[in-house]
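Structure first, commentary second.
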Amino acid sequence: MLLHQQFVQTAKKNPGKLAIKDKTTKRDVTYERALIGALILSSKFSRYDKGFLGIMIPTSAGCALAKVGALMSGRIPVMINYSTGAEANAKYAQKKCHFKTIITSKSLLEKINCPVVDGMVFIEDIMASVTTGDKLKAALKSKLPVGLLMNLIHKGEPDDTAVILFTSGSEKDPKAVQLTHRNILSDIESFGGVVGLTGEDVMLSNLVFFHVFGLTVNLWVPFYYGMTNITYANPLDFQTICTLAREEKPTMMVGTPSFFWGYLSKSEPGDFKSLRLMVVGADKCPDSLRNGFMEKHGVTLLEGYGATETSPVISVNTLERNRPGSIGPVIPKVKVRIENFETGEDCKPGEVGKIMVKGEIVMKGYYEDPEQTAEVLKDGWYNTGDMGYLDIDGYLWHSGRFKRFAKMGGEMVSLVKVENVMEKYLPQGVICCIVDIPDEKKGSYIVAAVSAEVHKTEILRKMMNDLPSIALPREFIVLESIPMMGTGKVDFRTVTKIVSEKMVKNQ
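Written out as structure tokens, the structure reads:
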């Protein structure tokens, strides 16, 4: 089964059901209309070069159907990040994957002040070119039995590439990740099964589709199960998201900690009471955020873990099996082993090492980058680059990126652990990012970037109860706006750069 074939089956089973309630464009689209729209776009996309097709459209019905239409036409969507450096990202994608055409939105380019890049085609112009004949032809196709309709769209194999996604680039230049139909469908089935998703669920989708979290969970999960999907293009419009949660009564929502902090601060008690599942991922979830949602809305935030290269979900807490602070039990059909970073042997329960993942969710590889692929994939095992451990009950715990460990006085110190400790003592809403700065004499030292002025002496005094002195921040730097990726993750590389520059100036 392929993703677009699964969409066809879902649409045929639920023709009159609301598929997408697009709150940005104020459009309601039934599954029947969604199928017709995808068939129209498939026909329009067929005139472009075979192979890759760039897509740079905000979270919306238009973006979802463009993704399906591209696959129906036999094109492979290349999802382009428009939140930071849209022009550069578009050109980077074209060069990296050797393609020209990018389907984008005129209104988006105007909003983000992005110039037109050679090869861009506006979705508004495509839709304006749709004739009555195009609509009738697509409508007639949509009425065909599933078997006949399947013969009129691209077939392919489960191990064909279904999408190109770029890694965040928070530590180095983005890599082009090839995810297959099998990768994504396997992840949906395992994740959906363990958290108990059904077609009765209503998804509130606010994440960007150019990031794997949004693409899999906010786009393909609703289409797989036949849910109604409430889409809104701006996850940073905290007030509107809270209003949508109150008025549309969704049952499921996912997001990053930084987004959920915004929703917590702007919401009124009960705004999120209809949510039976709220899953937080892409970054660590502070206890204070979990406690805030429980106190204000009576909702349990469930933390999960994943990676672009694993489609993405690797582990997740559930309402039945929830160990706050952990990133949950590993999902079905996925294997995780913890490898000692020096010996390569399997770690014992509770022993920190590299998190290695194996299963159908693991990517095909990085596009045209065999060296990078070989670095992270060996015998089917994917090296996440993260450190963590499995406890005796099978819960996975995240200790931070391997590159976010610093050697202090001959010891490996987890910068993420320092962040976790500091967050316990920061005022509510204050964000921190711990970085290490090179030092000629001591190798490196720790600096805390915080989003507001804090009582440093008092915080350090409290942190001394949890950490050795070598792990305590030497300096505090206030960054009123902690740099974030478009996906909601803290941009560790940019924070480190800014802090380093400030430290040099202060010397």
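Just so we're aligned, residue 24 is where the sequence shown starts under my numbering, counting upward by one. Positions of the beta carbon are idealized from the N, C-alpha and C atoms, including for glycine.
Backbone CA spacing between residue i and residue j [nearest angstrom]
i, j, result
"isoleucine 482", "asparagine 345", "30 angstroms"
"valine 240", "valine 501", "35 angstroms"
"alanine 34", "arginine 98", "21 angstroms"
"tyrosine 390", "asparagine 174", "29 angstroms"
"arginine 269", "arginine 50", "19 angstroms"
"phenylalanine 499", "glutamate 524", "14 angstroms"
"tyrosine 448", "isoleucine 493", "19 angstroms"
"serine 66", "leucine 172", "14 angstroms"
"aspartate 369", "aspartate 416", "17 angstroms"
"glycine 327", "threonine 155", "46 angstroms"
"methionine 317", "leucine 324", "8 angstroms"
"serine 193", "glycine 108", "Reliability fails at serine 193, whose pLDDT of 49 lies under 50, so the model's placement of it is uncertain and no value is given."
"glycine 511", "glycine 423", "17 angstroms"
"aspartate 183", "leucine 242", "19 angstroms"
Proximity to residue i [Cα-Cα], best of the options
i, options, result
"threonine 333", "Asp306, Met379, Phe364", "Met379"
"arginine 70", "Ser96, Lys46, Val52, Glu55", "Ser96"
"lysine 377", "Phe428, Pro181, Val303, Ser65", "Phe428"
"serine 83", "Asn252, Ala162, Asn406", "Asn252"
"leucine 400", "Gly382, Ile415, Ala475, Gly411", "Gly382"
"aspartate 72", "Lys371, Gly142, Pro273", "Gly142"
"histidine 204", "Cys308, Leu419, Val385", "Val385"
"alanine 57", "Phe68, Gly39, Arg269", "Gly39"
"leucine 202", "Gly215, Ser228, Phe236, Asp306", "Phe236"
"glycine 293", "Asp369, Ser281, Gly315, Thr127", "Gly315"
"alanine 116", "Ala151, Ser128, Leu188", "Leu188"
"glycine 367", "Leu342, Trp404, Pro347", "Trp404"
"glycine 77", "Ile59, Leu227, Ile146", "Ile146"
"valine 470", "Val458, Val477, Lys479, Thr480", "Val458"
"histidine 320", "Lys371, Glu291, Val339, Asp45", "Glu291"
"valine 244", "Lys272, Glu212, Cys265", "Glu212"
"glutamine 451", "Lys440, Pro461, Pro496, Val477", "Val477"
"glutamate 446", "Tyr418, Leu419, Lys485, Val436", "Lys485"
"glycine 60", "Asp45, Lys36, Ala89, Asn37", "Ala89"
"alanine 305", "Glu133, Val277, Lys289", "Val277"
Residue i (DSSP reduced to helix, strand or coil)
i, result
"serine 228", "strand"
"serine 152", "coil"
"tyrosine 468", "strand"
"tyrosine 105", "coil"
"lysine 198", "coil"
"serine 437", "strand"
"phenylalanine 189", "strand"
"aspartate 369", "strand"
"histidine 27", "helix"
"threonine 251", "strand"
"aspartate 409", "strand"
"serine 504", "coil"
"aspartate 459", "strand"
"leucine 238", "helix"
"threonine 341", "coil"
"isoleucine 176", "coil"
"threonine 5", "Because the chain here runs from 24 to 530, residue 5 falls outside it and cannot be looked at."
"histidine 478", "coil"
"phenylalanine 233", "coil"
"methionine 487", "coil"
"alanine 256", "coil"
Cβ pair residue i, residue j closer than 8 angstroms
i, j, result
"isoleucine 43", "valine 31", "no"
"methionine 301", "aspartate 224", "no"
"valine 101", "histidine 27", "no"
"glutamine 29", "leucine 298", "no"
"cysteine 137", "glutamate 110", "yes"
"leucine 259", "valine 186", "no"
"threonine 47", "alanine 256", "yes"
"isoleucine 505", "valine 518", "yes"
"alanine 330", "threonine 407", "yes"
"leucine 413", "isoleucine 361", "yes"
"isoleucine 63", "aspartate 157", "yes"
"valine 140", "lysine 166", "no"
"methionine 410", "valine 357", "no"
"valine 231", "serine 106", "yes"
"phenylalanine 425", "phenylalanine 364", "yes"
"phenylalanine 68", "phenylalanine 122", "no"
"histidine 421", "lysine 307", "yes"
"serine 176", "isoleucine 126", "One point to set straight first is that residue 176 is isoleucine, not serine, in the sequence displayed. Contact flag unset, no."
"methionine 24", "proline 168", "no"
"valine 444", "alanine 475", "no"
"glycine 351", "leucine 419", "yes"
"leucine 312", "leucine 342", "no"
For this session: List in chain order: all unbroken beta strand (DSSP E) runs of 3+ residues lying wholly within the region 343-394.
Result: Whole beta strand (DSSP E) segments, 3+ residues: 357-362, 376-382.
Problem set entry | Contiguous alpha helix (DSSP H) assignments of at least 4 residues, all confined to the region 266-333 | 280-289, 310-320
Exercise. Fully enclosed by the region 45-130, which alpha helix (DSSP H) runs are 4 residues long or longer?
Worked result: 54-68, 84-95, 109-120
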